[in-house]
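The block underneath contains the structure these notes are about, expressed in structure tokens.
Protein chains: 2
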Amino acid sequence: MPMARRSQTETAVLGALSMHPMTAYALREAIRDVLGHFWSESFGQIYPTLGALERQGHVERREGPRSGSSTFVITDSGTARLRELLNEPITAAPPRNGLLLRLFFGRTLGVRKCRELLLEAKADAERNLAGYEGLARKISAEEKDSPDLPYVLTTISAGRRSAENVIAWADEALALLGDIPADDTTPTNGESS
Amino acid sequence: MPMARRSQTETAVLGALSMHPMTAYALREAIRDVLGHFWSESFGQIYPTLGALERQGHVERREGPRSGSSTFVITDSGTARLRELLNEPITAAPPRNGLLLRLFFGRTLGVRKCRELLLEAKADAERNLAGYEGLARKISAEEKDSPDLPYVLTTISAGRRSAENVIAWADEALALLGDIPADDTTPTNGESS
DNA sequence: GCGTGCATGTAAAGTGTTACATGATTCG
DNA sequence: CGAATCATGTAACACTTTACATGCACGC
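Protein sequences, first through last, are from chains L and G. For the first sequence, full-length UniProt numbering begins at 1 and goes up steadily by one. For the second sequence, full-length UniProt numbering begins at 1 and goes up steadily by one.
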């Protein structure tokens, strides 16, 4: 029997509910918008997980904001379970960096396209950076007295630094690739300006 | 019909074979050791993928270094296919950072454990950093005249910078968490020094 | 009355990991 | 000759995504 890596969906769901009760729909948005910078859960995972957590008594279903909808509330046993899950060793996701994979085979891909990819990555990172900076300001103001604040700021800082890092790296890489003549082993690509 | 995200296993396999021919076993090691810093493929994916590539004429099976073993060689059509795959848009893996997930819920996890996790992450990054620095020196010397060198160095630099970044971030985060009293909402954990 | 957004779920399918199974070769 | 390493594969299963299906409420 293949011993499966523990899924961390439970952790994310219980964690989000530990901040405040919400509907499954809101939970999905919270995971997308709040944890989105370092975590993701697909829609189809959230409902089954909530069902399982309910059966185990870790969350309770209350009257929702609309008829037919339900708000989920974490129970004491749920909080204990969350603590347990958070204390489990981190199961690292296998690395899968599509940009580095392409760059590594840059000789086959062609310098021109490599530069293009680097510029795209840099632009992306710049957008993200602006987002993180705005977010940090907003959260600092809004949640000034929340005990969660330092933890949240820490994760935002990780995102900000990572974006800055990509920008600096892209510049370095562009400089390094600048020395290579553009027709090295370049693909037979008709599209050029 | 769920339109599946393209698997990039083919890309990694063809890419590795584009550097030089090898057996499936060696391929697995190359992917683990050479691409390992930014890519991973499980053993069970490599064989079926090689089989499919062979049926499509993108790789050919030659006499291997031992009886019963075969060395795989990329064909012209395989090189063309690799070029095609490398030019496809990058399918970003959904983010899943277990460390940030735990830190985000640090109030529940407890400051002490958060510090522990940060120190671990920092130590990891320091190990990696040393590895990258050694690797960069080694590759620079060994492959001095390889046309692949600048591309490879670029990916190593990404790893090195990322490790440096984690170290700096961990220090910042540790300082930030330094202000929080250790018994905030701390779990009932018996283990303490 | 109709579109948009809130709300809840299920089903099909693909991706990827791990355990299992087996054998040859080399080296001490 | 036994252990380590090279070598090749398969099968079960977990994980995750995405498409589909359905309905209510609210504003215009």
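Just so it is clear, CB atoms sit at the ideal spot from N, CA and C, and this is done for glycine as well. Owing to the predicted nature of the structure, the values given are computational and were not obtained by experimental measurement.
Report yes if the C-beta distance between residue 205 (chain L) and glycine 78 (chain L) is below 9 Å; otherwise report no.
Residue 205 (chain L) is absent from the model: chain L starts at 1 and stops at 193.
Do aspartate 124 (chain L) and valine 152 (chain L) have their beta-carbon atoms positioned less than 9 Å apart in this structure?
No, they are not a contact pair.
Residues of chain L with CB closer than 9 Å to the CB of aspartate 148 (chain G), please, in chain order.
Under the 9 Å cutoff, chain L gives Phe104, Phe105, Gly106 and Arg107.
Among G:Asp33, G:Arg160 and G:Phe104, which one has its Cα closest to the Cα of isoleucine 31 (chain L)?
The option with the nearest alpha carbon to isoleucine 31 (chain L) is G:Phe104.
Taking buried to mean at least 16 other C-beta atoms within 10 Å of its own C-beta, is glutamate 10 (chain G) buried or exposed?
With 16 or more other Cβ atoms from the protein chains shown falling within 10 Å of its own Cβ, glutamate 10 (chain G) counts as buried.
Exposed unless 16 or more other CB atoms sit within 10 angstroms - verdict on tyrosine 132 (chain L):
The residue in question, tyrosine 132 (chain L), is buried, as its Cβ has 16 or more Cβ neighbours within 10 Å.
Is residue 201 (chain L) close to chain G? Criterion is C-beta to C-beta, closer than 9 Å.
Any question about residue 201 (chain L) goes unanswered here, given that chain L covers just 1 to 193.
For glycine 98 (chain G) and threonine 71 (chain L), I'd like the C-alpha separation in whole angstroms.
Each residue's Cα considered, the two are about 26 Å apart.
Who are methionine 22 (chain G)'s beta bridge partners in DSSP?
Paired residue(s): G:Phe72.
Around the Cβ of proline 89 (chain G), are there at least 16 other Cβ atoms within 10 angstroms (buried) or fewer (exposed)?
Exposed, since its Cβ has fewer than 16 Cβ neighbours within 10 Å.
Relative to chain L, which residues along the region 83-103 of chain G have a C-beta separation below 8 Å, given in chain order?
When C-beta distances to chain L are compared with 8 Å, the residues of the region 83-103 of chain G below that value are Arg83, Leu86, Asn87, Ile90, Thr91, Ala92, Ala93, Pro94, Pro95, Arg96, Asn97, Gly98, Leu99, Leu100, Leu101, Arg102 and Leu103, in chain order.
For chain G, check one thing: does any of its Cβ atoms lie closer than 9 Å to the Cβ of threonine 79 (chain L)?
It does; some Cβ of chain G falls within 9 Å.
List the residues of chain G whose Cβ lies closer than 8 Å to the Cβ of leucine 35 (chain L), in chain order.
Result: Leu101 and Phe104.
Any contact of the region 104-116 of chain L with the region 126-143 of chain L, i.e. 3+ C-beta pairs under 8 Å?
Under the Cβ criterion (8 Å, minimum of three pairs), the region 104-116 of chain L does not count as touching the region 126-143 of chain L.
Out of G:Ala168, G:Arg112 and G:Ala52, which has the shortest C-alpha to C-alpha gap to glycine 159 (chain L)?
Closest option to glycine 159 (chain L), Cα to Cα, is G:Ala168.
Cutoff 6 Å; reference methionine 3 (chain L); Cβ partners in own chain excluding five residues on either side
Model confidence at methionine 3 (chain L) stands at a pLDDT of 43, short of 50, so the residue's coordinates are unreliable; what they give is reported in the following sentence. Same-chain partners within the cutoff: there are none.
How about lysine 113 (chain G): is its C-beta nearer than 9 Å to some C-beta of chain L?
Using a CB distance cut-off of 9 Å, lysine 113 (chain G) counts as an interface residue toward chain L.
Rounded Cβ spacing between alanine 24 (chain G) and leucine 50 (chain G) (contact assumed at less than 8 Å):
Yes, they are in contact, since the Cβ atoms of alanine 24 (chain G) and leucine 50 (chain G) sit about 6 Å apart, within 8 Å.
Three-state secondary structure assigned by DSSP to alanine 4 (chain L)
The pLDDT assigned to alanine 4 (chain L) is 45, lower than 50, so where the model puts this residue is not dependable; a value taken from the coordinates is nonetheless given after this. In the structure shown, alanine 4 (chain L) sits in coil (DSSP, three-state: anything other than H, G, I, E or B).
Using a 10 Å radius around the Cβ and a threshold of 16 neighbouring Cβ atoms, would you call leucine 118 (chain L) buried or exposed?
Of the other Cβ atoms in all chains shown, 16 or more fall within 10 Å of the Cβ of leucine 118 (chain L); this residue is therefore buried.
What residues in the region 32-57 of chain L have a beta carbon less than 9 Å from any beta carbon of chain G?
Answer in chain order: Val34, Leu35, Gly36, His37, Phe38, Trp39, Ser40, Glu41 and Ser42.
Within 10 angstroms of the Cβ of alanine 130 (chain L), are there 16 or more other Cβ atoms? Answer buried if so, exposed if not.
Exposed.
Kindly indicate which three-state DSSP category valine 34 (chain G) falls into: helix, strand or coil?
Of the three classes helix, strand and coil, the one that applies to valine 34 (chain G) here is coil, per DSSP.
To test your reading of the DSSP string, which unbroken alpha helix (DSSP H) runs of 4 or more residues are found completely within the region 76-137 of chain L?
Counting only runs of 4 or more, we get 76-87, 98-104 and 106-109.
Give the interface partners of glycine 15 (chain L) over in chain G, defined as CB-CB distance under 8 Å, in chain order.
Scanning chain G for C-beta atoms nearer than 8 Å to the C-beta of glycine 15 (chain L) yields Leu101, Phe104, Phe105 and Thr108, reported in chain order.
For chain L, is any of its Cβ atoms less than 9 Å away from the one on alanine 182 (chain G)?
Chain L contact via Cβ: absent.
Just to make sure I have the definition right: I need the residues of chain L whose C-beta is within less than 9 Å of the C-beta of arginine 161 (chain G). Which are they?
Residues of chain L passing the Cβ test: Asn165, Val166, Ala168, Trp169 and Glu172.
Helix, strand or coil: which one does DSSP assign to glutamate 63 (chain G)?
In the structure shown, glutamate 63 (chain G) sits in a strand (DSSP, three-state: E or B).
Going by beta-carbon coordinates alone, are leucine 109 (chain L) and leucine 86 (chain G) separated by less than 9 Å?
Going by C-beta atoms, leucine 109 (chain L) is nearer than 9 Å to leucine 86 (chain G).
Give me the chain L residues within the contact set of threonine 11 (chain G), using Cβ-Cβ distance strictly less than 9 Å, ordered along the chain.
Residues of chain L passing the Cβ test: Gly98, Leu101, Arg102 and Phe105.
Is it buried or exposed for lysine 16 (chain G), if we count other Cβ within 10 angstroms and need 16 for buried?
Strictly speaking, residue 16 (chain G) in this sequence is alanine, with lysine absent from that position. By the C-beta density criterion, alanine 16 (chain G) is buried, having at least 16 other C-beta atoms within 10 angstroms.
Give every residue of the same chain whose Cβ lies closer than 6 Å to the Cβ of alanine 173 (chain L), excluding the five residues on either side of it in the sequence, and list them in chain order.
Once the five neighbours on either side are set aside, the close Cβ partners of alanine 173 (chain L) are Leu118.
Below 8 Å CB to CB, which residues in the same chain sit around serine 140 (chain G) once its five sequence neighbours on both sides are set aside?
For serine 140 (chain G), where only same-chain residues beyond five positions count, the Cβ hits under 8 Å are Leu149 and Leu153.
Where the alpha helix (DSSP H) containing proline 181 (chain L) begins and where it ends:
Taken as a continuous stretch (DSSP letters only), proline 181 (chain L) belongs to no alpha helix (DSSP H), as it is neither H nor E.
Does the CB of leucine 117 (chain G) have a neighbour CB from chain L at under 9 Å?
For leucine 117 (chain G), the nearest beta carbon of chain L is closer than 9 Å to its own beta carbon.
Grab me the residues of alanine 170 (chain L)'s own chain with a C-beta within less than 6 Å of its C-beta, minus the 5 sequence neighbours each way, in chain order.
Sequence-distant Cβ neighbours of alanine 170 (chain L) in its own chain, meaning closer than 6 Å and more than five residues away, are Leu118, Ala121 and Lys122.
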